[in-house]
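This report refers to the structure that appears directly beneath it.
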Amino acid sequence: MQIKPILAAMRHHKAGTVLIALQIALTLAIVCNALFIIHQRMARMARPSGVEETNLFVIRSDWADKSDPQRIDVQMQADLIALRQLGSVQDAAPANSFPLHGTGWDNFIKLQPDQVKMTTDSAIYFSDDHTLATLGTHLIAGRNFTASEIGAQQPRDAMHSAQVIISKDLAQRLYPDGSALGKTIYVSMGNKPSTVIGVTDTLQAHMVGSWAGPYAYNAVLVPARLLNDYTYYLVRARPSQLAAALRDAPKALYAQSRMRIIDRKDGVMTFAQVRQHAYERDVGMAILMGIISVVLLAITAAGIVGLTSFWVGQRRKQIGVRRALGATRGDILNYFLTENLLIGIGGVLVGAVLAIGINLWMVTQFEMARLSLGYVVVGVIALLLLGQGAVLAPALRASHVSPVEATRSV
Amino acid sequence: MFSYYLELALRSLRRSPGLTALMVLAIGFGVAASMTTWSVFRAVSGDPIPWKSSQLFVPQIDMWGPKGRGPNNSDNEPPDALDYTDAMALMRAHRGKLQSAMYQISPSVVPADASKHPINVSGHAVYSEFFPMLDVPFLYGNGWSADDDTQRAAVAVISGKLNDKLFGGANSVGRTVSIEGKDYRVVGVLGNWNPQPRFYDVVNTGGFSTGVEDVFIPFERAIAMSISNDGNTNCSETPAESGFVGLQRSSCIWLAYMVQLDDAAAVSAYRSWLDGYAKDQQKAGRFGWAPNNRLRDVPAFLDHEQVVPSDTKVSLLVALGLLIVCLVNTAGLLLAKFLRRSSEIGVRRALGAPRLAIYAQFLTEAGMIGLAGGVLGLLLTGVGVASVSWVLPKDIASLARLDFSLLALTLLVAVIATTLAGLYPTFRASRVQPAWQLKSN
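Listed in order, the protein sequences are those of chains X and Z. The opening residue of the first sequence carries number 1 in my numbering; numbering runs sequentially from there. The opening residue of the second sequence carries number 411 in my numbering; numbering runs sequentially from there.
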């Protein structure tokens, strides 16, 4: 294929060539970044919670009478017994927060009592001896709490517990040599030590914000019921009895005491709903970026079809002359495909630079990671293929121009 | 002449329906995507109290010092909320025209009808000056008095929604409502008031909220009744004493504060008072560091707290990128379309039409495509705004509204942008050499 005549022809319609190339460049730049955003969000959503999510649900019970912590403690214990006795319920545990919940306690963790700077940050989960079984999270070292170790904690009292269980990632962060079990850590701002009696498998923190990225899998389980104005109950239904448990559990709680509020709308949430709520912004952003990418690609493809069709119409006579002089249909088809490829290559070169430039700017403006070059490569290939696909129909039409056209005047 | 150009444009557009449809579709989608994301951005970045936001200020005091900074705080920013000691000192000094410390509460309200479950409501404990300071509209009654503040009176202002629920929407001023097991006299019922973002207490609400504030009670009453705070509590060290009283004596931050300062002189006076206060605290040994205060007005504070989610900004930018691509696309197609009619232009020019006439004719055609694209864009923007709750969290999506200004803007953007895209093709068309065109035929 001869490139020179194509270049010569392009010089005759510079503006159109530049506009198509520019459109390809902008499309590549935007689609690369949009796809990158989609990928980032999906990667976030695919993170494991470390919780056996099926058959797990959460009830929030607000105390209508908040005055007396002792009464709240008694009520919580009675509630838990009532929940665990239900036929549809396998296990239940009290909680102040749970993975993916979004709000809760997070404390700075220190290795020395007089340390000024924190070692790391971690979610604090108030737990009892049923918490791990209810969540479906396994210990990889050490032991669970015993019933006698479970205390009660008022929200504004200094927190202290002699034993804690920590998540695998936190153990790794604190003691990279893997020796966290049996060690002493400081989980509250006070100077009282806690001994690590167990290490769980992966367990996600309640924090889902992007600020918490480095701490997303740090969790400390503290053996206490938190006597706050409200409490959560984690409830694991027996296999295939989720619907029954969702119905029975609030009833059982109201039967225990009516002086509580279980919100009709979101007082009871399955863990699937918790997950959906935690990531709804990410889903939305991914959908929006997806829609925009599809529209962009469609418009660019349609633009190429439109402009090439026009060029084919404009050059019917020349095509006829070439055919009359012995060019085959394949030659004509090749001509238009090559022309488009050349324009496309020009476009994607500019577009690749633009894509990286836009990403670098977004990194400085928003919380965004660096675009990996793989995206640009995939985007470049996709747009070149899109261009070839779009130009195919007009090019085929051009190849069917009969040599007779050469003899006709316009 | 204009109607003649309109007719010419219509005829030309009808001659190549596919190309026309393509351009209209491109403009429609581009404009609709931009306008939909703009409606969201406009909603979240809007000024919640535009007539007064430059007179309302949020004081920040550095009660933690350098060791209380988080790992990401590089510019020595003081905490964004107040502890009880400093908030009360500011209230006592009373240096602004109007001011209020406040904190978020979530008390239970027990309906008079014993068969009904108690309900949880959200609200704020505030000072009497809160209501006039923020121009809070009342349906019935009013806020309480400064005397009620000091006497810790059991009075409450409730929302219209809660009034509907408890009193069937009747004027309930003077009636009692049971909050946390105690009777409060209703002194005012709010009209429709739900500012977004919640500018008076950003630190506890995070900016946007789907809920409505149902109850306001006097601050000192709430403290006396130990109605604890429902929002965030941040501590740099463990409170020495336990309970809600311990929280009040600690340096933990949990209070929002707003002050009205009417002019620049008042602002600088307040600023220097704050610095003097911090210096006094330093002398007294409470602060071991130099004064480090901030006094931002509402827009600056919202900006500082990054209330506008970065997702909405990114969406808007990407949608604008889509619009630009659509315009480039339209420019290319218009160029092809106009130059195809070179011979027609040649004839018109040869017959004496000036370049200006060619400009008028072709820009009219571009404008018509813009108008058609704008109408399609209107429909698609309607669909977009209606379905935005699908892709955005409810607290933000519910703020996006379709109103006249958005519709007008949609049409305007479509027509202007398409006309701009048509400028270069028109320029090229006007440069067509009549002699050459006539000769080649």
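Note that CB positions come from ideal geometry on N, CA and C, so glycine has one too.
Tell me, please, which residues DSSP counts as bridged to threonine 338 of chain X.
Walking along the first sequence from the start, residue 338 of chain X turns up at place 338. DSSP, once it has assigned bridges, lists no residue as partnering threonine 338 of chain X.
Pick helix, strand or coil for methionine 10 of chain X, following the three-state DSSP scheme.
As a position in the first sequence, residue 10 of chain X is number 10, starting the count at 1. Three-state result, methionine 10 of chain X: helix.
Please specify which runs of the alpha helix (DSSP H), each continuous and at least 4 residues long, are wholly inside the stretch 524–591 of chain Z, giving them in chain order.
540–543, 556–560 and 570–577
At 3 residues or longer, and completely inside the stretch 84–112 of chain X: list those beta strand (DSSP E) runs for me, N to C.
89–95 and 105–109
Our contact map puts serine 97 of chain X next to alanine 123 of chain X with C-beta atoms below 8 Å; I'd like the distance itself, whole angstroms only.
Position 97 of the first sequence, counted from the start, is the residue given in the question as residue 97 of chain X. Position 123 of the first sequence, counted from the start, is the residue given in the question as residue 123 of chain X. Indeed they touch by this definition, with Cβ atoms about 7 Å apart.
Three-state secondary structure assigned by DSSP to tyrosine 375 of chain X
Numbered from its first residue, the first sequence carries residue 375 of chain X at position 375. Note: tyrosine 375 of chain X maps to helix in three-state DSSP.
Name the two residues that bound the continuous alpha helix (DSSP H) containing isoleucine 279 of chain X.
Working through the first sequence from its first residue, we reach residue 279 of chain X at position 279. Checking the displayed sequence, the identity of residue 279 of chain X turns out to be tyrosine instead of isoleucine. Run containing tyrosine 279 of chain X: none; DSSP gives neither H nor E here.
For valine 410 of chain X, which residues in the same chain have their Cβ closer than 7 Å to its Cβ, ignoring the five residues on either side in sequence?
Here residue 410 of chain X refers to the residue found at position 410 when the first sequence is read from its first residue. The pLDDT assigned to valine 410 of chain X is 49, lower than 50, so where the model puts this residue is not dependable; a value taken from the coordinates is nonetheless given after this. Here the set comprises Lys317.
Please tell me whether methionine 285 of chain X has its Cβ less than 8 Å away from any Cβ of chain Z.
The residue you call residue 285 of chain X lines up with position 285 of the first sequence. Output row for methionine 285 of chain X: interface = yes.
First and last residue of the beta strand (DSSP E) that includes alanine 666 of chain Z?
What you label residue 666 of chain Z is simply residue 256 of the second sequence in a count that begins at 1. Segment 666–670, the beta strand (DSSP E) holding alanine 666 of chain Z.
What whole-angstrom Cβ distance do isoleucine 356 of chain X and valine 376 of chain X have, given they're in contact under 8 Å?
Here residue 356 of chain X refers to the residue found at position 356 when the first sequence is read from its first residue. Here residue 376 of chain X refers to the residue found at position 376 when the first sequence is read from its first residue. Indeed, because the Cβ distance is near 7 Å, the residues count as touching under 8 Å.
Hey, how far is the Cα of asparagine 703 of chain Z from the Cα of aspartate 485 of chain Z?
Working through the second sequence from its first residue, we reach residue 703 of chain Z at position 293. Working through the second sequence from its first residue, we reach residue 485 of chain Z at position 75. The straight-line gap from Cα to Cα measures roughly 13 Å.
Under the three-state reduction of DSSP, which class applies to serine 257 of chain X: helix, strand or coil?
If you number the first sequence from 1, residue 257 of chain X lands on position 257. Coil at serine 257 of chain X, not helix or strand.
Can you tell me whether proline 394 of chain X is buried or exposed? The criterion is at least 16 other CB atoms within 10 Å of its CB, across all chains shown.
What you label residue 394 of chain X is simply residue 394 of the first sequence in a count that begins at 1. Proline 394 of chain X is buried by the Cβ-count criterion.
Who are the Cβ neighbours of asparagine 739 of chain Z in its own chain at under 7 Å, not counting the five residues just before and after it?
Position 329 of the second sequence, counted from the first residue, corresponds to residue 739 of chain Z. Excluding residues within five positions, the ones whose Cβ falls inside 7 Å are Ala436.
One question on the structure: do serine 610 of chain Z and alanine 666 of chain Z come within less than 8 Å of each other, judged by their Cβ atoms?
Along the second sequence, one-based indexing puts residue 610 of chain Z at 200. Along the second sequence, one-based indexing puts residue 666 of chain Z at 256. It is worth fixing the name first, because residue 610 of chain Z is tyrosine in this sequence and not serine. In this structure, alanine 666 of chain Z lies closer than 8 Å to tyrosine 610 of chain Z by Cβ.
Quick one: does serine 188 of chain X have its CB under 8 Å from some CB of chain Z?
Taking the first sequence and counting its residues from 1, the one referred to as residue 188 of chain X is at position 188. Closer than 8 Å: yes.
For aspartate 62 of chain X, is the classification buried or exposed, using 16 other Cβ atoms within 10 angstroms of its Cβ as the cut-off for buried?
Walking along the first sequence from the start, residue 62 of chain X turns up at place 62. The residue in question, aspartate 62 of chain X, is buried, as its Cβ has 16 or more Cβ neighbours within 10 Å.
Please return the same chain residues whose Cβ sits closer than 8 Å to the Cβ of serine 725 of chain Z, not counting the five positions on each side in sequence.
Within the second sequence, residue 725 of chain Z is the residue found at index 315, counting from 1. Same-chain partners within the cutoff: Thr447, Val450 and Phe451.
How would you write the range of the alpha helix (DSSP H) that aspartate 685 of chain Z sits in, first residue to last?
Numbered from its first residue, the second sequence carries residue 685 of chain Z at position 275. Per DSSP, aspartate 685 of chain Z belongs to the alpha helix (DSSP H) from 674–693.
Identified DSSP bridge partners for valine 164 of chain X
What you label residue 164 of chain X is simply residue 164 of the first sequence in a count that begins at 1. Beta-bridge pairing links valine 164 of chain X to X:Val196.
The alpha helix (DSSP H) that contains methionine 368 of chain X, what's its start and end?
In the first sequence, the residue the question calls residue 368 of chain X occupies position 368. Element bounds for methionine 368 of chain X: n/a, residue is neither H nor E.
Counting contacts by CB-CB distance shorter than 8 Å, is tyrosine 834 of chain Z in contact with chain X?
Here the question's residue 834 of chain Z lines up with position 424 in the second sequence. Closer than 8 Å to some Cβ of chain X, the Cβ of tyrosine 834 of chain Z qualifies, so yes.
What separation, rounded to the nearest whole angstrom, lies between the Cα atoms of histidine 527 of chain Z and alanine 64 of chain X?
Here residue 527 of chain Z is taken as the residue at index 117 of the second sequence, counted from 1. Here residue 64 of chain X is taken as the residue at index 64 of the first sequence, counted from 1. Cα to Cα, histidine 527 of chain Z sits roughly 9 Å from alanine 64 of chain X.
Below 8 Å between beta carbons: does that hold for leucine 817 of chain Z and leucine 773 of chain Z?
Taking the second sequence and counting its residues from 1, the one referred to as residue 817 of chain Z is at position 407. Taking the second sequence and counting its residues from 1, the one referred to as residue 773 of chain Z is at position 363. No, these two residues do not count as a Cβ contact at 8 Å.
If we count Cβ pairs, one from each stretch, closer than 8 Å, do we get three or more for the stretch 230–248 of chain X versus the stretch 143–156 of chain X?
no
Using the C-alpha atoms, what's the distance from asparagine 191 of chain X back to alanine 566 of chain Z?
Here residue 566 of chain Z is taken as the residue at index 156 of the second sequence, counted from 1. Here residue 191 of chain X is taken as the residue at index 191 of the first sequence, counted from 1. One C-alpha to the other measures close to 43 Å.
Residue nearest to alanine 255 of chain X in terms of C-alpha spacing, selected from X:Val208, X:Lys168 and X:Leu80:
Taking the first sequence and counting its residues from 1, the one referred to as residue 255 of chain X is at position 255. Answer by Cα proximity: X:Leu80.
How is valine 410 of chain X classed by DSSP in three states: helix, strand or coil?
If you number the first sequence from 1, residue 410 of chain X lands on position 410. Bear in mind that the predicted position of valine 410 of chain X carries a pLDDT of just 49, short of 50, making it too unreliable to give a figure here.
From alanine 688 of chain Z to aspartate 490 of chain Z, what distance separates their C-alpha atoms?
Taking the first residue of the second sequence as 1, we reach residue 688 of chain Z at position 278. Taking the first residue of the second sequence as 1, we reach residue 490 of chain Z at position 80. Cα to Cα, the separation comes out at about 16 Å.
Does isoleucine 768 of chain Z have its Cβ less than 8 Å from a Cβ in chain X?
Taking the first residue of the second sequence as 1, we reach residue 768 of chain Z at position 358. Output row for isoleucine 768 of chain Z: interface = no.
Quick check: glutamate 590 of chain Z and isoleucine 633 of chain Z, are their CB atoms within less than 8 Å of each other?
As a first step, residue 590 of chain Z is located in the second sequence; it is residue number 180 there, counting from the start. As a first step, residue 633 of chain Z is located in the second sequence; it is residue number 223 there, counting from the start. Going by C-beta atoms, glutamate 590 of chain Z is not nearer than 8 Å to isoleucine 633 of chain Z.
Can you pull out the residues from the stretch 9–24 of chain X whose beta carbon lies closer than 7 Å to at least one beta carbon of chain Z?
Ala15, Gly16, Leu19, Ile20, Leu22 and Gln23
Any idea if methionine 433 of chain Z is buried or exposed, counting beta-carbon neighbours within 10 angstroms, 16 or more meaning buried?
Sequence index remark: in the second sequence, residue 433 of chain Z carries index 23 (1-based). Buried, because 16 or more other Cβ atoms sit within 10 Å of the Cβ of methionine 433 of chain Z.
Report yes or no: do the stretch 752–762 of chain Z and the stretch 775–789 of chain Z share at least 3 C-beta pairs separated by less than 8 Å?
no
Exposed or buried, which one is glutamate 797 of chain Z when buried takes at least 16 other CB atoms within 10 Å?
Locating residue 797 of chain Z in the second sequence gives position 387, where the first residue counts as 1. It should be noted that the sequence gives serine, not glutamate, for residue 797 of chain Z. By the 10 Å Cβ count, serine 797 of chain Z comes out exposed.
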